[in-house]
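Numbering (this note's numbering), first residue to last: 53 to 626.
Here a beta-carbon is modelled for each residue, glycine too, at the ideal position from N, C-alpha and C.
See structure below.
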């Protein structure tokens, strides 16, 4: 398959307002990269060119040439929601695809359309609004492009999979309705027929929804018709408390599809009830609306809501060892009022959405050991420890966890410990990316976490010091998956933003990277010195300086800081 991207599509950019500053979305680059990424692995070979069909060289070796043009792109002016850092936007992306065979004969053409209402988390990174987290603006464009790529790829087998050596005319015949699904009238006998099932689960499984409880809405959707369904949208309505429990954590409407005849797709939509809820009977309506064809009737879910046991209306909710239990880091009165606040974010990849051979994961018991070690120091209250793992360690989850710290405005004497345990990849320039739950060795960069960007963001938080700990013993080349050496002679840019001038940064960032050859690997590996071994002067307290000295030989520490630096005297234990 060869893609021919029209220049107006490939070079398309869109400038929007982001936190009062202009931000340019490279729409063309995102669309072209997404289509190529989505197609790789689906066909034997994929290539791309830019230009008009007339510029295609004679004798092009490709079974299928797909010419893509941009019909429409819009991202409506962003409006704030009740959360000052969250915005609503309406996005529409329309493309036209023209398919040609190896001889250049037109086979078919299809419109590709994506239209959605999205919620974007884009907080300001400083009170002066000089910077803004813009990753989710690009992310919604990539999601739209992924949807269109799936629509297109659902038709490629029809175009490539004709039996024997039948001429292309068999694909152009009107008897191939799957190539033009949008042309089918809604009343056609071949209109798609969707059916779905729903199930609501609460955190403790007692079928009573209590304040502060995590919820999971299971939805299974099946195409019972005879033609493919390109797109359908899942929406919620009903009791405002129940609806908000899901819309605060998930973008609605949720897009599903494409679905082939007889194919099913399962969704897990997670939500979180507010801590304080009134006793009541609640109704949740789940509606499925296909882009074409008749919609099935809504599903009604009845549930009993009641306050959390012991709820007093002003109790801080501790953050326990699973991010489903709490949406944000909260202030807590458990730590001594005479000491500055200490915060911890632990990103522990115990699994990935699309696992691959040699993917590095962390065991569940190690995650618990990390949290227990921090709490044992007496400096990190449980309510200040945020753990992200599994499905709750996506790029968005990680961004929100970090940027919520900026929102609560901790004083500039606060300390942050950010611990990442998982896989890493590097591009051909040596830039390092951390792999979240939805990432992988062949994922687009927009689905990964730039280490350089993470270092920059941590440096802008209103903290005195941020300790960035990296447990990434496996690094592979982005795209090829080839293993990359991690020794000191590596060309990887582990210190990309650490060695820049820090005079204008409110936060000192110290990166601690576990060396792969260090042994043994204890359950709490990098943090074990906090339990006592790092206390060299035996005064009962471990300082940052003692902690860093204890890690010599088992970790690479950057930047190097003289022992006379006041940061070295900051305590990490009581």
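Residue i - DSSP class collapsed to helix/strand/coil
i, result
"residue 565", "strand"
"residue 242", "Note that residue 242 has pLDDT 46, beneath the 50 cutoff, so the model's placement of it is unreliable and the number below is only indicative. Coil."
"residue 121", "strand"
"residue 498", "helix"
"residue 59", "helix"
"residue 528", "strand"
"residue 406", "coil"
"residue 53", "coil"
"residue 534", "coil"
"residue 43", "Here the chain comprises residues numbered 53 to 626, so residue 43 is not present and cannot be evaluated."
"residue 153", "coil"
"residue 105", "helix"
"residue 560", "strand"
"residue 128", "coil"
"residue 543", "coil"
"residue 168", "strand"
"residue 160", "strand"
"residue 624", "coil"
"residue 583", "helix"
"residue 249", "strand"
"residue 142", "strand"
"residue 588", "coil"
"residue 230", "Unreliable positioning characterises residue 230 in this predicted model, as indicated by a pLDDT of 35, which lies under 50. The coordinate reading is nonetheless provided below. Of the three classes helix, strand and coil, the one that applies to residue 230 here is helix, per DSSP."
"residue 578", "helix"
"residue 550", "coil"
"residue 346", "strand"
Integer-rounded CB distance, given that residue j should sit under 8 angstroms from residue i
i, j, result
"residue 192", "residue 143", "6 angstroms"
"residue 338", "residue 295", "That pair is no contact at about 11 angstroms."
"residue 467", "residue 394", "5 angstroms"
"residue 486", "residue 472", "6 angstroms"
"residue 70", "residue 189", "6 angstroms"
"residue 441", "residue 400", "4 angstroms"
"residue 481", "residue 550", "About 17 angstroms; that fails the 8 angstroms criterion."
"residue 100", "residue 128", "In fact, because the Cβ distance is near 30 angstroms, the residues do not count as touching under 8 angstroms."
"residue 544", "residue 586", "Actually they do not touch by this definition, with Cβ atoms about 28 angstroms apart."
"residue 518", "residue 470", "6 angstroms"
Enclosing beta strand (DSSP E) for residue i [first to last residue]
i, result
"residue 518", "517 to 523"
"residue 100", "99 to 102"
"residue 398", "394 to 400"
"residue 67", "66 to 70"
"residue 201", "Careful: residue 201 lies outside any beta strand (DSSP E), inside the alpha helix (DSSP H) at 187 to 205."
"residue 274", "266 to 275"
"residue 635", "What the structure shows of the chain is the stretch from 53 to 626, and residue 635 is not part of that stretch, so it cannot be assessed."
"residue 261", "260 to 262"
Cut-off 8 angstroms between Cβ atoms - residues of its own chain near residue i, not counting five sequence neighbours on either side
i, result
"residue 17", "Since the displayed the chain opens at 53 and closes at 626, residue 17 lies outside it and no answer follows."
"residue 548", "483, 484, 503, 504, 507"
"residue 516", "392, 464, 465, 466, 467, 559, 560, 619, 622"
"residue 94", "205, 208"
"residue 297", "267, 323, 324, 325, 326"
Where the alpha helix (DSSP H) through residue i begins and ends
i, result
"residue 79", "79 to 91"
"residue 490", "Unbroken run through residue 490: none, as it is neither H nor E."
"residue 356", "Premise fails: residue 356 lies in the beta strand (DSSP E), 351 to 358, not in any alpha helix (DSSP H)."
"residue 116", "Looking at the DSSP string, residue 116 is not in any alpha helix (DSSP H), and its letter there is neither H nor E."
"residue 469", "First-last for residue 469: 467 to 473, but that is the beta strand (DSSP E), not the alpha helix (DSSP H)."
"residue 503", "503 to 512"
"residue 281", "Note, residue 281: premise wrong, no alpha helix (DSSP H); not H, not E."
"residue 95", "No alpha helix (DSSP H) contains residue 95, which DSSP labels as neither H nor E."
"residue 209", "208 to 212"
Same chain, Cβ closer than 6 angstroms to residue i, five either side skipped, listed in chain order
i, result
"residue 575", "The pLDDT assigned to residue 575 is 45, lower than 50, so where the model puts this residue is not dependable; a value taken from the coordinates is nonetheless given after this. 418, 421, listed in sequence order."
"residue 80", "61, 62, 63, 64"
"residue 269", "252, 321"
"residue 166", "145, 196, 199, 200"
"residue 306", "286"
"residue 604", "none"
Other residues of its chain near residue i: CB distance less than 7 angstroms, five sequence neighbours each side excluded
i, result
"residue 534", "528"
"residue 291", "334, 335, 336"
"residue 348", "246, 247, 248, 340"
"residue 493", "408, 477, 528, 530, 533"
Cutoff 9 angstroms: residue i Cβ touching any chain C Cβ
i, result
"residue 508", "Absent from the structure is chain C; it holds one protein chain and no more."
Let me know the alpha helix (DSSP H) ranges lying completely inside the stretch 591 to 615, each 4 residues or longer, listed in chain order. Taking only runs of at least 4 residues, the alpha helix (DSSP H) segments lying wholly in the stretch 591 to 615 are 596 to 602.
Quick one: complete alpha helix (DSSP H) runs, 4+ long, within the stretch 284 to 336? Listed in chain order, the complete alpha helix (DSSP H) runs (minimum 4 residues) inside the stretch 284 to 336 are 292 to 299.
Could you give the uninterrupted runs of the alpha helix (DSSP H) lying entirely in the stretch 413 to 447, keeping only those of 4 residues or more? 416 to 428
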